[in-house]
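Novice: Sending over a structure as structure tokens; questions will come in a sec.
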Amino acid sequence: MSTAQQPQRFTERAPYRDAFDIDYPQENLEGQLHAYRCKACKLATTTINGRLENHKPDCAYRLSKAR
Ligand SMILES: [Zn+2]
225 MSTAQQPQRF
235 TERAPYRDAF
245 DIDYPQENLE
255 GQLHAYRCKA
265 CKLATTTING
275 RLENHKPDCA
285 YRLSKAR
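Count along the sequence shown from 1, then add 224; that gives the number in the numbering used here.
Here it is, written out as structure tokens:
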């Protein structure tokens, strides 16, 4: 009945570190109203898909976030 033994380290098991990362500077793709890309590595947001690891390995934004 006790709940005292429940793991409380939710920051480790929940996908907090994996959260979507959409903070990066973006720019509009010319001629494509709803298409955007990362200003640093020029990959489309649809390619990056909110994931830091989907930026190019040498993306300045990715590097600035890398731990
Ligand atoms: Zn990037």
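Heads up, the beta-carbon is just placed ideally off N, CA and C, and yes, glycines get one too.
I'd like to confirm something about Ala264: is its beta-carbon nearer than 7 Å to some heavy atom of ligand 1, or not?
Specialist: yes
Novice: Got a sec, what are the start and stop residues for the beta strand (DSSP E) Arg275 sits in?
Specialist: Per DSSP, Arg275 belongs to no beta strand (DSSP E) and is neither H nor E.
Novice: Excluding the 5 residues preceding and the 5 following His279 in the sequence, name in chain order all residues of the same chain whose CB lies nearer than 7 Å to its CB.
Specialist: Contacts found: Cys262, Cys265, Leu267, Ile272, Tyr285 and Arg286.
Novice: What span of residues does the alpha helix (DSSP H) with Tyr285 cover, start to end?
Specialist: Ala284 to Lys289
Novice: Could you tell me the boundaries of the beta strand (DSSP E) in which Gln256 lies?
Specialist: Here Gln256 belongs to no beta strand (DSSP E), and DSSP marks it neither H nor E.
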